[in-house]
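K.L.:
Just add 33 to the spot in the sequence shown (first one is 1) and you have the working numbering.
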Amino acid sequence: MPKKFMAKGKDWLFTFILGAALMAFLFAFLLGRPAPALAREGDSFWPLLFEVRELIEKHYAGEIDPYALEEGAIQGMLESLRDPYSEYFSPQKIKLYQKALEQEYSGVGLVLQEEGGIFTIVGIIPSSPAARQGLRPGGVLLKIDGQPVQGRTLEEVKGLLQGEVGTEVLLEIAWPWEGVPRTFTLKREFLRQQVVRAQALDGQLGYLGLTSFTTWMPEEAARALDYFKASGVKGIILDLRGNSGGYLQAAVEVASLFLPPGAPVAQVVNKAGQVEILRSAGPGLDLPLVVLVDKDTASAAELLAGALQDAGLAYLVGTRTYGKGSIQSIIPLSNGGALKLTTGHYLTPAGREIEAQGLKPDKEIEDREEQFRYARDLLLKQERPAA
């Protein structure tokens, strides 16, 4: 059966490849400490494993949680890989992870951007608790439930905003045009993050912002491009800044909206070194295109930007991208959990390495507002930027 890949991968279907090989490793790293490698001859591995487990059960003075032993063994194996992208998900955590990939979560509806340790509200999800409370973009998030957010990462702050449906969260927010910060108590709800932002600029250009590659995003992006074409725009700004990836298949589908049928989108290299060329299904788009990228443009977003750059269809503006070219596969386990394992990597159509390299923009500009102005002016001044 095919595997489910993330941006990280190739298909959206799961495969069950759990078998004797994986089960043979189940207790390989009891207590988080690597056990000896599986014996290729004589097979002394299993007796030692069970000996250790029996000794723990017989002599350990504290309480023993068999599920914790099992998870500890799995975690130990994965830690030995020294791969930050390979991890184990319990049955509960895999559900949360899948919702996060699809940008579905329980929260309050704030869209945040972190820059220099400052968390700015750059958007509000329509009909969300934040929207109903009248919160507006431009505010700076200062505290969550009385705890300052300064010094935290964007992912940590997002995690604090999320929680069980129906629970409340206290926020302290400051808007520059107001004298003092204000506090809001919001009740969390089930939300779907807005991942496509489309806007016609002065009737001449189309702005398409993509923040994540979910399974349902390509359809929304296609509708936005159809609207732009019907409006007669002269060019399009594709904004991939802050897009950390998602499903690789979604990136291929979006690339197909810009690239002609049959055009290469990426080279996928598996564990054995075999190369598969992912190609555009079309229809493609014949309009001048500028792509905005930054240090947080990663994974599937880099694949899309690299494909458009290699094809000579887009001019990249911004800063060097993150450099995430590895592929992860979600592999379900018999207990309802799952493994996320790195199973390959991808290159741009021209064979450029993305992992740890990133993409260099055609025009390097640090300031976000200047990036946008440059892209807009470039499209208005000429029919198609020279990539």
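In this text, a Cβ means the ideal position worked out from N, Cα and C, and glycines have one as well.
Could you give the distance in angstroms between the alpha-carbon of S123 and the alpha-carbon of S367?
P.N.:
11 Å
K.L.:
With a 10 Å radius around its C-beta and 16 neighbouring C-beta atoms as the bar for buried, classify Y121 as buried or exposed.
P.N.:
Looking at its Cβ environment, which holds 16 or more other Cβ atoms inside 10 Å, Y121 is buried.
K.L.:
Just the Cα atoms here: how many angstroms apart are R353 and Q282?
P.N.:
23 Å
K.L.:
Excluding the five sequence neighbours on either side, which residues of its own chain have a C-beta within less than 8 Å of the C-beta of G75, listed in chain order?
P.N.:
Per-residue confidence for G75 stands at a pLDDT of 48, beneath the threshold of 50, marking its modelled position as unreliable; the derived number appears in the next sentence. Answer for G75: no residue qualifies.
K.L.:
Helix, strand or coil: which one does DSSP assign to I154?
P.N.:
Correct three-state label for I154: strand.
K.L.:
Could you round the C-beta distance between G317 and L292 to whole angstroms and report it? I think they count as a contact, below 8 Å.
P.N.:
6 Å
K.L.:
Decide yes or no for the touch test of the segment 320-327 against the segment 359-373: beta carbon pairs closer than 8 Å, at least 3 of them.
P.N.:
no
K.L.:
Taking buried to mean at least 16 other C-beta atoms within 10 Å of its own C-beta, is N303 buried or exposed?
P.N.:
exposed
K.L.:
Counting only runs that start and end within the segment 308-350, where is the beta strand (DSSP E) found for 3 or more residues in a row?
P.N.:
308-312 and 322-326
K.L.:
In the DSSP output, what is I206 paired with across the bridge?
P.N.:
L174 and R215
K.L.:
Under DSSP, the alpha helix (DSSP H) around L111 begins and ends at which residues?
P.N.:
P99 to S113
K.L.:
Classify Y421: buried if its beta carbon has 16 or more other beta carbons within 10 angstroms, exposed otherwise.
P.N.:
Summary: the structure shown does not reach residue 421, with the chain confined to residues 34 through 420, and so no result is reported for it.
K.L.:
DSSP beta-bridge partners for E148?
P.N.:
I151
K.L.:
Note down the Cα distance separating T244 from G370, rounded to an integer number of angstroms.
P.N.:
27 Å
K.L.:
Starting from S139, trace the beta strand (DSSP E) in both directions and tell me its first and last residue.
P.N.:
E137 to G140
K.L.:
With distances taken from CA atoms, which of Q415, F217 and K91 is nearest R165?
P.N.:
F217
K.L.:
Given this structure, state the Cα-to-Cα distance separating A219 from G167, to the nearest angstrom.
P.N.:
Looking at the sequence shown, residue 219 is not Ala but Leu. One C-alpha to the other measures close to 11 Å.
K.L.:
Throw me the rounded Cβ distance for the L204 and L174 pair, which I believe falls under 8 Å.
P.N.:
7 Å
K.L.:
Go through its chain and collect everything with a Cβ distance to G377's Cβ below 7 Å, but skip five positions before and after it.
P.N.:
Excluding residues within five positions, the ones whose Cβ falls inside 7 Å are V301, V302, N303, K304 and I360.
K.L.:
Evaluate K373 with the Cβ neighbour count: other Cβ atoms within 10 Å of its Cβ, from every protein chain shown; 16 or more gives buried, anything less gives exposed.
P.N.:
buried
K.L.:
E222 and P162: beta carbons closer than 8 Å?
P.N.:
yes
K.L.:
Quick one, are the C-beta atoms of T381 and G351 less than 8 Å apart?
P.N.:
Their beta carbons are not under 8 Å apart, which means T381 does not touch G351 by this criterion.
K.L.:
Specify, as a first and last residue, the run of the alpha helix (DSSP H) that E253 falls within.
P.N.:
M250 to S264
K.L.:
Less than 6 Å between C-beta atoms, sequence neighbours within five positions excluded: which residues of the same chain meet that for A284?
P.N.:
F246, A333, L336 and L337
K.L.:
Which residues does DSSP list as the beta-bridge partners of K267?
P.N.:
Paired residue(s): none; K267 is not in a bridge.
K.L.:
Just how far apart, CA to CA, sit A54 and K132?
P.N.:
Bear in mind that the predicted position of A54 carries a pLDDT of just 35, short of 50, making it unreliable; the figure below should be weighed with that in mind. So the two alpha carbons sit approximately 29 Å from each other.
K.L.:
Given a threshold of 16 other Cβ atoms within 10 Å of its Cβ, counted over all protein chains shown, does L88 qualify as buried or as exposed?
P.N.:
exposed
K.L.:
Just grab the DSSP bridge partners of Y121 for me.
P.N.:
According to DSSP, which records beta bridges pairwise, Y121 is partnered with L372.
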